[in-house]
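S.K.: For reference, each letter of the sequence shown is one residue, going 1401 to 1569 in our numbering.
Pasting a structure below so you can have a look.
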Amino acid sequence: MSGGIRPAEPPDAAAIRAVHLAAFPTATEADLVAALDRDGDTVVSLVGETQGEIVGHALLSRMRVTGGGRDRRAVALAPVGVRPDFQGAGVGRRLIEGALAIARATGEELVFVLGEPAYYGRFGFSAEAAAPFASPYAGPYFMALALKEGPALHEKGEAAYAPAFAGLA
Ligand SMILES: CC(C)(COP(=O)(O)OP(=O)(O)OC[C@H]1O[C@@H](n2cnc3c(N)ncnc32)[C@H](O)[C@@H]1OP(=O)(O)O)[C@@H](O)C(=O)NCCC(=O)NCCS
1401 MSGGIRPAEP PDAAAIRAVH LAAFPTATEA DLVAALDRDG DTVVSLVGET QGEIVGHALL
1461 SRMRVTGGGR DRRAVALAPV GVRPDFQGAG VGRRLIEGAL AIARATGEEL VFVLGEPAYY
1521 GRFGFSAEAA APFASPYAGP YFMALALKEG PALHEKGEAA YAPAFAGLA
């Protein structure tokens, strides 16, 4: 299937919402996208297209993270959704790799994700990398990827998601 990824634009909002309503069992993720946009916390928003149709979406949002007593530049990868009828065709991979490339190029130090270790491990995320950062989401599904080398990004600290995440299940 032909397709690619590109930055989301304001007229894409309805199609992005439809992707998440189809990909997830509840409207939580679709509402999260709208809340992050409203709050100005969206850092990167990418759509995945197949034959000109938006079938996937991935978002990076600003986090407040400290480590080793310093502020760290960090973003959260969430949500990532692909319409069920287009899953398994590489759209998710392209969106995630594209989002990570932008994060790296723009100087982010850490990316956090809450999700399936078997899937996000493919992109280098690990629970070990997230473990030094205190979070209400701490556990095997709370993973991180350090985009820069060195021990500094493994020092103890705290990782806080944007306010729109508060109250999510
Ligand atoms: C997870 C998701 C974004 C992946 O998108 P996608 O376009 O289907 O992914 P890709 O085509 O790049 O990769 C497909 C591979 O991921 C695997 N995969 C998909 N979901 C997975 C999961 N929850 N756990 C483990 N592996 C998973 C598939 O088995 C497939 O494996 P293969 O390459 O060995 O065949 C998509 O399936 C989706 O929207 N799922 C529902 C919503 C969701 O769970 N989002 C993630 C949490 S924020």
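Idealized CB from N, CA, C, for every residue including glycine.
Taking the C-alpha atoms as reference points, what is the distance between R1464 and F1486?
M.R.: One-based indexing of the sequence shown puts residue 1464 at position 64. One-based indexing of the sequence shown puts residue 1486 at position 86. If I take the Cα positions, the gap works out to 34 angstroms.
S.K.: Among A1418, G1468, I1502 and R1473, which one has its Cα closest to the Cα of A1552?
M.R.: Sequence index remark: in the sequence shown, residue 1552 carries index 152 (1-based). Of the candidates A1418, G1468, I1502 and R1473, the one whose C-alpha sits nearest the C-alpha of A1552 is G1468.
S.K.: CB-CB under 8 angstroms to A1560, same chain, minus the five flanking residues each way: which ones, in chain order?
M.R.: Taking the first residue of the sequence shown as position 1, residue 1560 is located at position 160. Closer than 8 angstroms at Cβ, skipping near neighbours: M1463, R1464, V1465 and S1535.
S.K.: Can you tell me whether R1470 is buried or exposed? The criterion is at least 16 other CB atoms within 10 Å of its CB, across all chains shown.
M.R.: Sequence index remark: in the sequence shown, residue 1470 carries index 70 (1-based). Its Cβ having fewer than 16 others within 10 Å, R1470 is exposed.
S.K.: Measuring CA to CA, which of L1459, R1417, G1557 and Y1537 is closest to V1444?
M.R.: Here residue 1444 refers to the residue found at position 44 when the sequence shown is read from its first residue. Comparing Cα positions, the closest option is L1459.
S.K.: Report yes if the C-beta distance between G1456 and V1513 is below 8 angstroms; otherwise report no.
M.R.: Numbered from its first residue, the sequence shown carries residue 1456 at position 56. Numbered from its first residue, the sequence shown carries residue 1513 at position 113. No.
S.K.: Any residue with its C-beta under 5 angstroms from a non-hydrogen atom of ligand 1 counts. Can you list them all in chain order?
M.R.: Working through the chain, the matches are A1423, P1479, V1480, G1481, V1482, Q1487, G1488, G1490, V1491, G1492, R1493, G1515, E1516, A1518 and Y1519.
S.K.: Could you pull out every unbroken alpha helix (DSSP H) segment of at least 4 residues lying fully inside the segment 1425-1488, listed in chain order?
M.R.: Here the runs fully enclosed are 1428-1439.
S.K.: Using the beta-carbon count (16 or more within 10 Å), is T1450 buried or exposed?
M.R.: Stepping through the sequence shown from its first residue, residue 1450 is reached at position 50. So T1450 counts as buried.
S.K.: Look at the alpha carbon of A1474 and the alpha carbon of G1452, and state the distance between them as a whole number of angstroms.
M.R.: Counting from one through the sequence shown, the residue named residue 1474 turns up at place 74. Counting from one through the sequence shown, the residue named residue 1452 turns up at place 52. So the two alpha carbons sit approximately 32 angstroms from each other.
S.K.: Taking the beta carbon of A1501 as the centre, do at least 16 other beta carbons fall within 10 Å, making it buried, or is it exposed?
M.R.: Position 101 of the sequence shown, counted from the first residue, corresponds to residue 1501. A1501 is exposed by the Cβ-count criterion.
S.K.: Consider the C-beta atom of A1503 and the heavy atoms of ligand 3; say whether any pair is separated by less than 7 angstroms.
M.R.: Within the structure as shown, ligand 3 is missing, the only ligands being ligand 1.
S.K.: By alpha-carbon positions, which one of A1415, D1431 and P1411 ends up nearest to A1566?
M.R.: Looking up residue 1566 in the sequence shown gives position 166. Of the listed residues, the one whose Cα sits closest to A1566 is D1431.
S.K.: Alpha carbon to alpha carbon, what distance is there between A1478 and K1548?
M.R.: Sequence index remark: in the sequence shown, residue 1548 carries index 148 (1-based). Sequence index remark: in the sequence shown, residue 1478 carries index 78 (1-based). Going from the Cα of K1548 to the Cα of A1478 covers about 21 angstroms.
S.K.: Considering only residues of the same chain and omitting the five flanking positions on each side of A1481, which have a CB-CB separation below 7 angstroms?
M.R.: Position 81 of the sequence shown, counted from the start, is the residue given in the question as residue 1481. The sequence shown places Gly at residue 1481, rather than the Ala named in the question. Only V1419, H1420, A1423, F1424, E1429, G1456 and H1457 meet the Cβ criterion.
S.K.: Name the one or two DSSP bridge partners that E1549 has.
M.R.: In the sequence shown, residue 1549 corresponds to position 149, counting from 1. Answer is none; E1549 lacks a bridge partner.
S.K.: What does the Cβ neighbour count give for D1441, buried or exposed, with the cut at 16 atoms within 10 Å?
M.R.: Working through the sequence shown from its first residue, we reach residue 1441 at position 41. The residue is buried, with at least 16 neighbouring Cβ atoms inside 10 Å.
S.K.: Going by CA-CA distance only, name the one from L1545, F1533 and G1498 that's closest to E1555.
M.R.: If you number the sequence shown from 1, residue 1555 lands on position 155. Cα-wise, what sits closest to E1555 is F1533.
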